[in-house]
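Protein chains: 2
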Amino acid sequence: MAQQEKLVKEITSMKEDFAKWYTDVVKKAELASYSGVRGCMVVRPYGTALWENIRNELNARFKATGHENVMMPLFIPESLLQKEKDHVEGFAPEVAWVTHGGDEKLQERLCVRPTSETLFCDHYSEIIHSYRDLPKLYNQWCSVVRWEKTTRPFLRTMEFFWQEGHTMHETAKDAIEETERMLNIYADFAEQCLAIPVVKGKKTEKEKFAGAISTYTIEALMHDGKALQSATSHYFGDGFSKAFNIQFTGRDNTLQYPHQTSWGLSSRIIGAIIMTHGDDNGLVLPPAVAPIEVVILPIAMHKEGVLDKARQLKQRLAAGFRVKLDDSDNSAGWKFSEYEMKGVPLRLEIGPRDIVNNQCVLVRRDNMEKTVVSLDELEAKVTELLKAVRDGLFEKALRRREEMTYSATNLEELKDIADNRPGFIKAMWCGEQECEEKLKDIAGVSSRCIPFEQEQISDECVCCGKSAKLMLYWGKAY
Amino acid sequence: MAQQEKLVKEITSMKEDFAKWYTDVVKKAELASYSGVRGCMVVRPYGTALWENIRNELNARFKATGHENVMMPLFIPESLLQKEKDHVEGFAPEVAWVTHGGDEKLQERLCVRPTSETLFCDHYSEIIHSYRDLPKLYNQWCSVVRWEKTTRPFLRTMEFFWQEGHTMHETAKDAIEETERMLNIYADFAEQCLAIPVVKGKKTEKEKFAGAISTYTIEALMHDGKALQSATSHYFGDGFSKAFNIQFTGRDNTLQYPHQTSWGLSSRIIGAIIMTHGDDNGLVLPPAVAPIEVVILPIAMHKEGVLDKARQLKQRLAAGFRVKLDDSDNSAGWKFSEYEMKGVPLRLEIGPRDIVNNQCVLVRRDNMEKTVVSLDELEAKVTELLKAVRDGLFEKALRRREEMTYSATNLEELKDIADNRPGFIKAMWCGEQECEEKLKDIAGVSSRCIPFEQEQISDECVCCGKSAKLMLYWGKAY
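First to last, the sequence lines map onto chains D and X.
This note's numbering numbers the first residue of the first sequence as 1 and each following residue consecutively.
This note's numbering numbers the first residue of the second sequence as 1 and each following residue consecutively.
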């Protein structure tokens, strides 16, 4: 077991240095590594497989709600980016500019897309003519670039991977419903598939997306008490439609502007998975998206029949699960550590004595609980235990979030919590941006969202003491 | 049927103007449309679904041969691109350069990847240390950018979509085997899934990839007699390994350089599908990658029971096929034209009389053959007919290629064929680049490949008359 201890020691403990623990997990679990390109990461096979599973799960949900994938250009000409004023102001400072093609200087600069509202609108202006063309429910999977100063794998990188949905609707009502529908899909995906509890709410004016009328968000709380905005859904009204001159003939035969939404979830959700479920032994993956759901480790592999049995079990499980058999020469101890580090939800141990007894041992990654299982009911037990892992992860994360959510009724109290107790702070707000900025300056917290589930914590704004009707979640954020 | 005629008339006939026919099909079948970004296309839902099916088919083949997907950075710093001399010379003139991030001028320019050998090598130098780390069999799906002057959707665009495999091996033999394995996978995919017959061969020194020792290719012949390079597979030896200082400890405990391959297939394969199978009614799609394999068109839809029956059939077929029911108000004639234009392999017609007779009509897109099918054996017949469509398409394309493949034994003959009969020209070559260039100048043909299946057309080089042992395919190319 010497080797196992050594491996475990290789990562910094969460308590010692949470940021270092995070990057250690990213590297040792082989999710990603730094590249020679500043601020860009190499997503390694294990991280890519995780992202592909996330994509497949979301694609199925998008398709079931009538959405179609498209592929838009990587570049946005400067004049196109400038068509919507708020949008360009929000994004121009952080885009990468292409100025030369080969040796030739371009007449017009192109930016590498930081988001694609402008490209979609340009296309929609070509293809939307009648109410019969609506709704348009498009989505794309791609990478986008934002010129960030400091970067961390998955959480904040210059290039990141995401999906961006862009839809056009006949009425404001339809578009607002879509905005909410997609937020609910994200919330359901986060909670059911990723076992990450989230708070659903609306961003304040200050925090909303550049060009949007309103931005909805799901906010998750990480192990260290910092918040992570996990997906957003925006309602644009007809602002872009007007800027891009997108018009359709309505049912009443008048020319109208369609109403727009966009919504996105990015590779930073992998950061959320790591920081919600991970522990000092490494990654812990929610089964629905784990590249390997069950790893089979033969015990006393050299003994007759063990490897054959392990292969049989692999074949059986492969029919319904993502399964890996590790029949390498590495020691059992090394393998235990390795797959704990990689966060594989279930470990299946099979040795000579198990074979005699027609059984195997299943070990849950989330709580290390062992269950001896008859091989006759293997598939059923694996299904049951994978569900138990998801439920266990969700319950644990929910409990932690509840324990780390505080209420404050005045500035002093809020500052004291912000300084000493990491987590969400629920507090009333008068609605003035000035108070929002003051809380940021004094206590270092930003508004996370105006949750859909409101509570009346007190009657006054936590900052200015004026009458306040909105309860907000505040916190430090990634 | 007036509307059907009208729709058909909307596209230019192949004979009249092949290039215009091509762009008409791209637009009317809604595969792609031009974007406001010069040289970049918008791939629409139907084109994206086609590309996703291509990706799924190839991914399954890559996975079955042990390959893993990764995601590499979009940018290559100038210094990294310059590490391998032949490679940078080949690509530097056609890359897009990022010079500014926000308002800041970059200290080092970044190019948008035109291909990712340099990025993979940079990463491999970090993770390859021992022969135990080999082979590394990575692939990525992404878009790349090459600064093209004139562009056409799918065939030549500034940004295009592709997969690029990059592998590292212990020995030259292993790497060469991989290069051949991947070429064979491409050829098999092209012929079995896309029904496109291809010639497998090796590129000449002049035509090989920048930095490669040898480039293998599959070449297909389009309807108009022009060749289309449909996928390539490159063997690099250890040139990049040395340039990037990638070294591993071998089995004999000495430091060695690994041997490298790369291979790619791009969205121009969609151009090949269009120009191999399409006709004057539009697109014709090979079933294996068609977004819709069967379209169900209810006839006399308003009659009682028709729509219910159509929905029943859709549900039955959806279990095993990609199926669409068009229950819109458009006329049957309009629908016939629409799905012919979109190249749906099978059309299923169901009307009141069919229901009484417990039957339906299946119509093949490739030859418009109608088959009356008992509903009791619907699934079996659909399977059979989809296979027949694939076989029919392949046979037709193969016959055409054979008819359009000529032999030439001297320059005059070759020039005469090149001027008057579009197609492949088989001719002997002495091996001198001078002759290759001369044929380009005089007859406007380039060497397509040195086919693996050699024939002795004559004993002398078609150009200089010197002794020649190699038979080449020559032609005009996209």
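Built from N, CA and C at the ideal position, the CB exists for glycine as well.
Bear in mind that the values here come from a model prediction, so they are computed numbers and not experimental data.
field: Candidates 167(X), 265(X), 234(X) and 303(X): closest to residue 119(X) by CA position
entry: Comparing Cα-Cα distances from residue 119(X) to each of 167(X), 265(X), 234(X) and 303(X), the minimum goes to 167(X).
- prompt: How about residue 29(X) and residue 324(X): are their beta carbons less than 7 Å apart?
  reply: Taking 7 Å as the cut-off, the beta carbon of residue 29(X) is found no closer than this to the beta carbon of residue 324(X).
field: Backbone CA spacing between residue 419(X) and residue 443(X) [nearest angstrom]
entry: Answer to the nearest angstrom: the Cα atoms are 7 Å apart.
- prompt: Out of curiosity, what's the CA-to-CA distance linking residue 18(D) and residue 339(D)?
  reply: A straight line joining the alpha-carbon of residue 18(D) with that of residue 339(D) spans about 21 Å.
Where residue 471(X) falls: helix, strand or coil (DSSP): Residue state, collapsed to three classes: strand.
- prompt: Are at least three pairs of beta-carbons, each pair with one atom in the stretch 254-261 of chain X and one in the stretch 231-241 of chain X, less than 8 Å apart?
  reply: Yes, the stretch 254-261 of chain X touches the stretch 231-241 of chain X.
- request: With 8 Å as the C-beta to C-beta threshold (strictly closer), list the residues of the stretch 55-73 of chain X near chain D in chain order.
  value: Residues passing the 8 Å Cβ filter: 68, 69, 70, 71, 72 and 73.
- prompt: Using 7 Å as the limit for Cβ to Cβ distance, is residue 40(D) near chain X?
  reply: By this cut-off, residue 40(D) is an interface position.
query: Within the 7 Å Cβ cut-off, does residue 94(D) reach chain X?
result: At least one chain X Cβ lies under 7 Å of residue 94(D).
- request: Taking residue 296(X) as part of the beta strand (DSSP E), name the residues at either end of that continuous run.
  value: 294-298 is the span of the beta strand (DSSP E), which, as asked, contains residue 296(X).
- request: Starting from residue 334(X), follow the beta strand (DSSP E) in both directions and report where the run begins and ends.
  value: Here residue 334(X) belongs to no beta strand (DSSP E); instead the alpha helix (DSSP H) covers 332-341.
message: Contact criterion: CB-CB distance below 7 Å. Does residue 326(D) meet it with respect to chain X?
response: No - not a single Cβ of chain X is within 7 Å of the one on residue 326(D).
- prompt: If you count every other CB in all the chains shown that lies within 10 Å of the CB of residue 6(D), and 16 or more means buried, which is it?
  reply: In this prediction, residue 6(D) has a pLDDT of 46, which is less than 50 and means its spatial position is unreliable; what the coordinates show is noted afterwards. Exposed: under 16 other Cβ atoms inside 10 Å.
message: Please confirm whether residue 156(D) has its beta-carbon closer than 7 Å to some beta-carbon of chain X.
response: No, no contact with chain X.
task: Tell me where the beta strand (DSSP E) around residue 324(D) begins and ends.
output: Segment 323-325, the beta strand (DSSP E) holding residue 324(D).
message: For a test of the three-state rule: what should DSSP assign to residue 423(X), helix, strand or coil?
response: Looking at residue 423(X) - three-state DSSP - the assignment turns out to be coil, as it is neither helix nor strand.
query: Grouping DSSP H, G and I as helix and E and B as strand, with all else coil, what is residue 21(X)?
result: Residue 21(X) carries a helical assignment under DSSP once its states are collapsed to helix, strand and coil.
query: So, are the CB atoms of residue 73(D) and residue 111(X) less than 7 Å apart?
result: Not a contact, by the Cβ cut-off of 7 Å.
query: Out of curiosity, what's the CA-to-CA distance linking residue 2(X) and residue 184(X)?
result: Because the pLDDT at residue 2(X) is just 42, under 50, the model does not fix this residue reliably, and the point stays unresolved.
- request: Would you mind reading off the limits of the alpha helix (DSSP H) that contains residue 203(X)?
  value: In the DSSP assignment, residue 203(X) falls outside any alpha helix (DSSP H) and carries neither an H nor an E.
field: Limits of the beta strand (DSSP E) - the one that residue 139(D) falls within
entry: 136-145 is the extent of the beta strand (DSSP E) around residue 139(D).
task: Go ahead and pull the three-state DSSP assignment for residue 317(D).
output: Secondary structure at residue 317(D): helix, using DSSP grouped into helix, strand and coil.
message: For residue 32(D), report the span of its beta strand (DSSP E) as first-last.
response: Start and end: 32-34.
Three-way DSSP call (helix, strand, coil) for residue 236(D) in this model: Strand, per DSSP.
message: Using only the alpha-carbon positions, how far apart do residue 457(D) and residue 408(D) sit?
response: So the two alpha carbons sit approximately 8 Å from each other.
Buried versus exposed call for residue 266(X) [16 or more other C-beta atoms within 10 Å across all chains shown]: By the 16-neighbour rule on beta-carbons within 10 angstroms, residue 266(X) is buried.
message: Please list, in chain order, the chain D residues whose beta carbon lies closer than 7 Å to that of residue 102(X).
response: Within 7 Å Cβ-Cβ: 93, 94, 95 and 147.
Under 8 Å from the C-beta of residue 122(D): neighbouring residues of chain X: Neighbours of residue 122(D) on chain X, chain order: 35 and 36.
message: Can you confirm whether residue 99(D), when its beta carbon is compared against all beta carbons of chain X, has any partner nearer than 7 Å?
response: It does: the Cβ of residue 99(D) has a partner Cβ on chain X nearer than 7 Å.
task: For the alpha helix (DSSP H) holding residue 71(X), just list the boundary residues, first then last.
output: Following the DSSP letters along the chain, one finds residue 71(X) in no alpha helix (DSSP H), marked with neither H nor E.
- request: At 4 residues or longer, and completely inside the stretch 378-443 of chain X: list those alpha helix (DSSP H) runs for me, N to C.
  value: Complete alpha helix (DSSP H) runs here, min 4: 378-403, 411-420 and 433-443.
task: Give a yes or no on whether the C-beta atoms belonging to residue 477(X) and residue 447(X) are separated by under 7 Å.
output: In terms of Cβ geometry, residue 477(X) and residue 447(X) do not form a close pair [threshold 7 Å].
task: Give a yes or no on whether the C-beta atoms belonging to residue 160(X) and residue 270(X) are separated by under 7 Å.
output: Against a cut-off of 7 Å, the Cβ pair of residue 270(X) and residue 160(X) comes out as no contact.
task: Check the Cβ-Cβ distances between residue 164(D) and every residue of chain A, and say whether any is below 7 Å.
output: Note that chain A does not occur in the displayed structure, where the protein chains are D and X.
message: Taking the straight line between their C-alpha atoms, what separation do you get for residue 291(X) and residue 46(X)?
response: Approximately 7 Å between the Cα atoms of the pair.
- request: Determine which residues of the stretch 77-90 of chain X have a Cβ less than 7 Å from any Cβ of chain D, and write them out in chain order.
  value: Residues passing the 7 Å Cβ filter: 77 and 80.
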